[in-house]
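Residue numbers (full-length UniProt numbering): 1 to 123. Beta carbons are placed, not taken as given, at the ideal position from N, Cα and C, and that holds for glycine. One structure below.
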């Protein structure tokens, strides 16, 4: 038996902490890209969709009505939207909530091996 075959035999059993070779589902450490890109993306998406809906709608209406001149005419709505989003980005409780959401999604992916977009329930 060669050393390569021995290494393959030792690596072949499935690690229960890493069932699909994607990492430990229970690991809560975050990489830099997760902290600085992925979690803020969840924060931005949730803030726009759930928390600043009035400001987003007002800004969208203004942009549709103003077309080419939206840069000049929609400053007030843009400032209101930016203030709302900034308020939520700086909220530590909201940031922690989004971090937990991300960690749960990552744990689900690591334990099943199926990305979130493919885990849609079939009715």
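query, result
"Secondary structure at residue 103, three-state DSSP: helix, strand or coil?", "helix"
"Mind checking residue 39: buried by the 16 CB within 10 Å criterion, or exposed?", "buried"
"Cα-Cα, which of 22, 29, 71 and 86 is closest to residue 51?", "86"
"Roughly how many angstroms lie between the CA atoms of residue 105 and residue 45, to the nearest whole one?", "15 Å"
"Using 8 Å as the threshold, is the C-beta distance between residue 74 and residue 62 below it?", "yes"
"Out of 117, 119, 118 and 112, point me to the one whose CA is closest to residue 26's CA.", "112"
"Express the C-alpha separation of residue 65 and residue 43 in angstroms, rounding to a whole number.", "28 Å"
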